[in-house]
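**Student:** Next up is a structure, given as structure tokens.
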Amino acid sequence: MTELQPTESKSIILINPNLGHPRFINIKPKDFSNEILTDLLLVTNISDSEELIKRIENKISLIPILDYKWNLKQVLKEERKKKKPLKLKIKLFFKRKRKRKKEETRKILKKIRPKGFRGNILTSSIANTEKKKTYAISDVDYLEDDYCTPHQFLTDNQIFNEMNHYFKITIKFFLSKEVLDYLKERKFIMFDLKGPKNRINYHSLIITKQNWKNFTFIQITDTHLAERNDRIYEIVKKWLKSSIKQSSDKILKKIKKRIKSTLKKSSDEDKKLIKRPLRKRLINPNNQLRKFIKLANQKVLQNELDFIVLTGDIVDYVIKTKYNQKVMKINDLDFEYSNWKFFKDIILNNKSKEKHKGVIMGEELLCPIFTIVGNHDFRPNHYDLTWAGLYKKLGLNSSEALALNELLSTSPISAIIKSKLALKNYISEINCSLDFSFTLGNIPLVFLNSGSDSFKNIRDFFSGHPSVTGLKSYQIKFLENLINNK
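In terms of my numbering, the sequence shown opens at residue 200 and continues consecutively.
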């Protein structure tokens, strides 16, 4: 998978639409054969539009995402259409057993789980370019374009380093026969957008037959994804069999001093938990999303789901626990070291090099997803699971939580740090819009992030229920502008 590369002398990055902010293109079936135009937002360190066109011409393509079952069905159709010579027909008649085996194989193949299948690439050409200014979302001009008006936040925080020139690029393309055949059975088709330097914006463009008078979406929230979650089962399981268990009393005494109020109620709860095997009580948030994707894909294949909305706390914290000691500055965080990469891997079902027990098999999500960040998404570092008894939500007992902390120790100071820069990889790789809106039919959808942790109520914060900074005045102004101008 191609990720954001270090900036070079002439850098160009396609930033919108993207995985967490995809774009719908509504087309009536009678217009499928017509040329299609759509707008994209690029960021670059090239200031001249003519030079930019030279560098991106024939460099932007669309990769259709088909369903593997649909593709198999097409292959079987083609096989049945093939004419066989008379001699072969007679030969096959006397080999009916072999034929029955082939039929059985086909039936088994039809039962395979949903799987994304990349079709033949569609090429595009440049129809127009327009240089764009950045605006604060409180500015009325920000409403000019839902996808191609860059937010002032991007330049203020140097999200793309020295790249600070934004261009709206209009591309044109035609749908292939393969795509047209797919749309006969499905109400939409997603595309990956492949841009300059082979960067890919996954699931970012959707051709749909939907008229948006009636549509279905699912809202999910608080997925709290983290690479650490996939290691918990293995770590605890090993601890239960190891000598560490023998010294658990010492560990308990040490931790009890820090969290007396939490552990007073733990003994009875622990006894109940111990009676159930770990595999039946452990709740892995990563597995929860994997399970949800499987359910969502079933609805997609039945044409019963148009998109998903994920409203905040996408990740539990940003820096992967195993890399926490290597990252000195959040601004220099490599995408590979972040849980944003982990989120992307789950959505695309990218296989991990590391295998962990207790991790269920996933599937690529086969419908669009819109994302907005929550307070956890501003947190760079991992935190102690004994904090406010959070381990209970995962189905762990206090001893198991303490064992985890011995291996995955954290600093109480770094755990409560918050930073806008924790969103840098999210913005560059998933969704460059922290607040946005778009309209489907006559229905406007507005996405506003509620900000990072608030330390105004310290008691709530340390009890595991922190307040958030909430909507800012510029976000309220954005809402007012939407009401008065759209």
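Quick reminder that beta carbons are idealized off the backbone N, C-alpha and C, glycines included.
In terms of residue numbering, what span does the alpha helix (DSSP H) encompassing Ile545 cover?
**Tutor:** Asn538 to Leu547
**Student:** Go ahead and label Met560 buried or exposed: buried means 16 or more other beta carbons lie within 10 angstroms of its beta carbon, across all protein chains shown.
**Tutor:** By the 16-neighbour rule on beta-carbons within 10 angstroms, Met560 is exposed.
**Student:** Under the rule that 16 or more other beta-carbon atoms within 10 Å means buried, what is Val274, buried or exposed?
**Tutor:** exposed
**Student:** Give the C-beta separation of Phe635 and Ser337 to the nearest angstrom, bearing in mind that I take them to be a contact with Cβ-Cβ under 8 Å.
**Tutor:** About 14 Å separates the beta carbons of Phe635 and Ser337, which is beyond the 8 Å limit, so they are not a contact pair.
**Student:** Compare the beta carbon distance of Leu261 and Arg398 with 9 Å and say whether it is the shorter of the two.
**Tutor:** no
**Student:** Would you check if the distance between the CB atom of His581 and the CB atom of Thr520 is smaller than 9 Å?
**Tutor:** yes
**Student:** So, helix, strand or coil for Ala614, using DSSP?
**Tutor:** helix
**Student:** Mapping the DSSP letters down to three states, classify Thr322 as helix, strand or coil.
**Tutor:** If DSSP states are grouped into helix, strand and coil, Thr322 belongs with the strands.
**Student:** Assign Leu218 to buried or exposed, taking buried as 16 or more other Cβ atoms, counted over all protein chains shown, within 10 Å of its Cβ.
**Tutor:** buried
**Student:** How would you write the range of the alpha helix (DSSP H) that Pro313 sits in, first residue to last?
**Tutor:** Element bounds for Pro313: n/a, residue is neither H nor E.
**Student:** Give me, in chain order, the residues of the same chain whose beta-carbon lies closer than 8 Å to that of Leu681; leave out the 5 immediate sequence neighbours on both sides.
**Tutor:** If the five residues before and after Leu681 are omitted, its C-beta is found closer than 8 Å to the C-beta atoms of Leu342, Ser636, Pro643 and Val645, all from its own chain and listed in chain order.
**Student:** State the beta-bridge partners of Thr510 as determined by DSSP.
**Tutor:** According to DSSP, Thr510 bridges with Ile571.
**Student:** Classify Ser210: buried if its beta carbon has 16 or more other beta carbons within 10 angstroms, exposed otherwise.
**Tutor:** buried
**Student:** Output needed for Ile320: all residues of its chain with C-beta closer than 6 Å, excluding positions within five of it in sequence on either side, in chain order.
**Tutor:** Cβ neighbours of Ile320 beyond the five flanking positions: Ser260 and Ile262.
**Student:** I'd like to confirm the pairing. Which residues does DSSP put opposite Gln418 in its beta bridges?
**Tutor:** Val508
**Student:** In three-state terms, what does DSSP make of Asp634?
**Tutor:** coil
**Student:** How far does the alpha helix (DSSP H) with Pro484 in it reach, from first residue to last?
**Tutor:** Pro484 to Leu500
**Student:** Please classify Leu532: does DSSP put it in a helix, a strand, or coil?
**Tutor:** coil
**Student:** Between the stretch 373–385 and the stretch 341–359, are three or more C-beta pairs nearer than 8 Å?
**Tutor:** With the cut-off at 8 Å, the stretch 373–385 and the stretch 341–359 do not touch.
**Student:** State the DSSP-derived secondary structure class of Leu584, mapped to helix, strand or coil.
**Tutor:** Per DSSP, reduced to three states, the secondary structure at Leu584 is coil, with no helix or strand assignment.
**Student:** Quick one: is Leu606 buried, meaning 16 or more other Cβ sit within 10 Å of its Cβ, or exposed?
**Tutor:** exposed
**Student:** Consider the C-beta atom of Lys258 and the heavy atoms of the ligand COA; say whether any pair is separated by less than 8 Å.
**Tutor:** Summarising the ligand content, the structure contains no ligands, and the ligand COA is consequently not present.
**Student:** Helix, strand or coil for Asn363, going by three-state DSSP, please let me know.
**Tutor:** coil
**Student:** Please classify Glu329: does DSSP put it in a helix, a strand, or coil?
**Tutor:** Correct three-state label for Glu329: strand.
**Student:** Roughly how many angstroms lie between the CA atoms of Arg222 and Lys367, to the nearest whole one?
**Tutor:** Using only the alpha carbons, I get a separation of about 14 Å.
**Student:** Any idea what DSSP makes of Phe373, helix, strand or coil?
**Tutor:** Residue state, collapsed to three classes: coil.
**Student:** Helix, strand or coil, according to DSSP, for Pro395 in the structure here?
**Tutor:** helix
**Student:** Run through the DSSP bridge pairs and tell me what Arg478 is partnered with.
**Tutor:** According to DSSP, which records beta bridges pairwise, Arg478 is partnered with nothing at all.
**Student:** Please identify the residue among Ile388, Val514 and Thr237 whose C-alpha is closest to the C-alpha of Ile406.
**Tutor:** Ile388
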